[in-house]
Structure formats: structure tokens, C-alpha cells
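Count along the sequence shown from 1, then add 94; that gives the number in the numbering used here.
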Amino acid sequence: MNSKTFLLAAGVVPGLAACSAVTPMPMPVPEALRPGPGATLALSASARGVQIYECRGSQWSLVAPQAGLFDATGRTIGTHGAGPHWQASDGSRVVGSVTARADAPVADAIPWLLLAARPGGETPTAAGLLMGITQIQRVNTAGGSAPAGTCPTAGQTLRVPYSADYHFYKSQS
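Okay, here's the thing in C-alpha cells:
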């Protein structure tokens, strides 16, 4: 290797290392948000979308989430929307109700949640990706919080981008 090649390599390699992505360590889930005994993880999905807020009185109020659900390869596997509900591409659907919440460890992120889940379709199917889901955990949230302070005009809506990881659990009992 001549001196020019060595100097080029010495300058490029550290530069490439500085450009490589660093995956952050996942934050520990608070005890209150852990699923109950006998629950087993059935599915994990990432969500990307918006939290929709409406100006009611002088405050921003959550109307609904609107997001796509994606598997580990980035393939769309369903949607998340008002109710709240989660619907898989196969038509299976669950509706959730919050049982526990914790502040997100990241500023301006929506809270982490544990939700009880029940079938949410008008005619539940005997099979499907979300069939039998009893609990849903929302963690690793980014964004989605309503703006601080008062809102300017009653009835105005605002769409705030967010992302989260959803873990879907089934009970063994």
C-alpha cells in the first residue's frame, strides 16, 4: 500500500464509522405496564402515523390515532384507529381500553400504555392474526403529543406524527 492509499483509507474508515447507524438500547418497561401472569407474546408491530387532535374550548383533545402497523420486515400488516382499535390485514380486529399508563421516557412522546383487548369486529372470525389477543402494550413512543398551551380556534384539527411499538398478548388460561 502506498502512502496516498494509506492516508485515504485512514481518513475514510473513521468517517464511515461515524456515519453508521447506532441502534439505541430499548428502555425498560415499567412494572405497571407488564402483561398479567400467563400472558404470552403473540405479535409485535411497529406503528407509524398521526395522533389527531381537535381544539375543544381552548384545549387540544385527542380525537383518534391513525396509523399503519408493520412487521419486522416493514411489511404492512394492519391499521390502528379510533376506539382505539387494531385491525389486521386479514380482517381480524380488537378494541382496547387503557388499564395502565406511564409517562414516556422521551420528551414530547405520547404515554406508554397497557390495554385490555377484546374482539372488535361485528362478526368475529374464528381465525386471524389478532384472534385471541387479550392485552396490548404500547411502548417506545416518539412524538404524537398535543401542543402545549391553548389552541387558537374551536373545531380546528391538528395531526401530530408519531411512532410506537405495539406488543399483542394472548392469555394462557
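Idealized CB from N, CA, C, for every residue including glycine. This structure is a prediction, so every number in the text was calculated from the model and none was measured.
Whole-angstrom distance between residue 238 and residue 115, CA atom to CA atom = Here the model assigns residue 115 a pLDDT of 37, short of 50, so the residue's position is not dependable, and the following value carries that caveat. Rounded to whole angstroms, residue 115 to residue 238 spans 24 Å at the Cα level.
In this structure, does DSSP put residue 166 in helix, strand or coil?
-> In the structure shown, residue 166 sits in coil (DSSP, three-state: anything other than H, G, I, E or B).
Please report the residue range of the beta strand (DSSP E) in which residue 232 lies.
-> Residue 232 -> beta strand (DSSP E) spans 227-237.
Name the DSSP beta bridge partners of residue 186, please?
-> Partner(s): none; residue 186 has no beta bridge.
Residues that DSSP places opposite residue 148 in a beta bridge = Residue 148 is bridged by DSSP to 155, 251.
Alpha carbon of residue 163 to alpha carbon of residue 255, nearest angstrom | Residue 163 and residue 255: Cα-Cα distance of roughly 14 Å.
What separation, rounded to the nearest whole angstrom, lies between the Cα atoms of residue 112 and residue 124?
-> Low local confidence applies: a pLDDT of 37 at residue 112 is under 50, so the model's placement there is unreliable, with the coordinate-based value given in what follows. Roughly 33 Å separates the two Cα atoms.
Residue 265 versus 240, 223, 191, 228, residue with shortest Cα-Cα distance = The candidate whose alpha carbon is nearest that of residue 265 is 228.
Quick one: any contact between the stretch 232-250 and the stretch 147-162, if contact means 3 or more CB pairs under 8 Å?
-> With the rule of 3 Cβ pairs closer than 8 Å, the stretch 232-250 counts as touching the stretch 147-162.
Would DSSP call residue 126 helix, strand or coil?
-> Residue state, collapsed to three classes: helix.
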